[in-house]
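K.L.:
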Amino acid sequence: MMGQMAGTAWAGERGPQTGLPLPRFVSLKAREANVRRGPSLSHRIDWVFQRRGMPLQVVGEYEHWRRVQDQDGVGGWVHYMLLSGARTGLVETDLAGLYASADTRSLVKAHLEAGVIVSIERCKPAWCRVRAEGIKGWVEKKHIWGVTSEEVFP
31 MMGQMAGTAW AGERGPQTGL PLPRFVSLKA REANVRRGPS LSHRIDWVFQ
81 RRGMPLQVVG EYEHWRRVQD QDGVGGWVHY MLLSGARTGL VETDLAGLYA
131 SADTRSLVKA HLEAGVIVSI ERCKPAWCRV RAEGIKGWVE KKHIWGVTSE
181 EVFP
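Per our numbering, the sequence shown starts with residue 31, numbered consecutively.
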């Protein structure tokens, strides 16, 4: 129980193991990952994440374990080797527009269904450049989970 409480972060903190910001987004590197009640192999498996590339939010760290949660706030402890720093997002809005540029007046290259996982290449204040099934374009941040509204990165 101590590991769970000590490993949970609040906004603006840094992970004690990595020195990286908490909370932060990562993605599931493995095809599936056991999600444990606590940060060790001796803790019970509560469920299994089964979607490679799935975005997850790291909210805590303890040794080789990361406390993560999905878009619904469901989570637990996952071994760090099953996670990747590659940024992905989960489309939350059905038929979200994938635009040629970061402008709703630009060409719509595709419509993304809710539940599609996109690779995030970079983000501006209101838009992210993403790749979905080989198609690159811009999607409004408000339509994806896996990036905060404040994040801007090249």
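A virtual CB, placed ideally from N, CA and C, is assigned to each residue, including glycine.
Would you report the Cα separation of arginine 7 and glycine 49, rounded to the nearest angstrom?
P.N.:
Because the chain is modelled from 31 through 184, residue 7 falls outside the range shown and cannot be assessed.
K.L.:
Per DSSP, what kind of secondary structure is lysine 171 in: helix, strand or coil?
P.N.:
It is helical.
K.L.:
Assuming contact is defined by CB atoms lying nearer than 7 Å, are valine 146 and valine 121 in contact in what I supplied?
P.N.:
Yes, the Cβ-Cβ distance between valine 146 and valine 121 is below 7 Å.
K.L.:
Please state whether the Cβ-Cβ distance between cysteine 158 and valine 177 is less than 7 Å.
P.N.:
Yes, the pair counts as a contact, with Cβ atoms nearer than the cut-off.
K.L.:
Can you tell me which residues form a DSSP beta bridge with lysine 59?
P.N.:
Answer by DSSP bridge pairing: none, since lysine 59 is not bridged.
K.L.:
Let me know if arginine 61 comes out buried or exposed under the rule of 16 or more other beta-carbons within 10 Å of its beta-carbon.
P.N.:
When all chains shown are included, arginine 61 counts as exposed.
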